[in-house]
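Each remark here refers to the structure printed beneath this line.
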Amino acid sequence: MKTRIIIGLLAAILVGTTLVTFYNYASSPTDENIFTDSPGKFMFAAPLDVPSDSISIQEGDILVEINGSHGKGKTLAEVRQMLAQAFRDSAFALVGVNQSKKMVYRRYSVRTELLRSVPLEPIDSTALVV
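Each residue of the sequence shown is one higher than the one before, counting from 590 in this note's numbering.
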């Protein structure tokens, strides 16, 4: 009889510990929290072609602004148009979320097809990442 009580208590402790561990794991933050409150909704699909000695936007960096204009609230087509207009200048400034300062790029170094939309809402069958 005592053995059954001891085994029952151990089982209850193990189940309780398992539930607490699962709750802590499920509610812990991840390194992907930048997408919870993202400063922009567009990311680069490939690194920019610039000299290797300079800091560059890398694949996966979030685009924050183009020449001082923010991309929040704009569609991918509108941001690509902003990039195309920026290309008319000999150089333009892009700010990525992982950068501490603005980088100036020559117009030949960035192609608009390098930009991808980041889904900020749950994806359903009608919302596709372009």
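A virtual CB, placed ideally from N, CA and C, is assigned to each residue, including glycine.
Inset, instruction - Report buried or exposed for D642, applying the criterion of at least 16 other Cβ atoms within 10 angstroms of its Cβ. - result: Interpretation of D642 is limited by its pLDDT of 49, a score under 50 that renders its predicted location unreliable; no figure is taken from the coordinates.
Inset, instruction - Leaving out five residues on either side along the sequence, give the residues of the same chain with a beta carbon under 8 Å from the beta carbon of S689. - result: Here the model assigns S689 a pLDDT of 49, short of 50, so the residue's position is not dependable and the matter cannot be decided.
Legend entry - Through-space distance from L598 to V604, alpha-carbon basis: 10 Å
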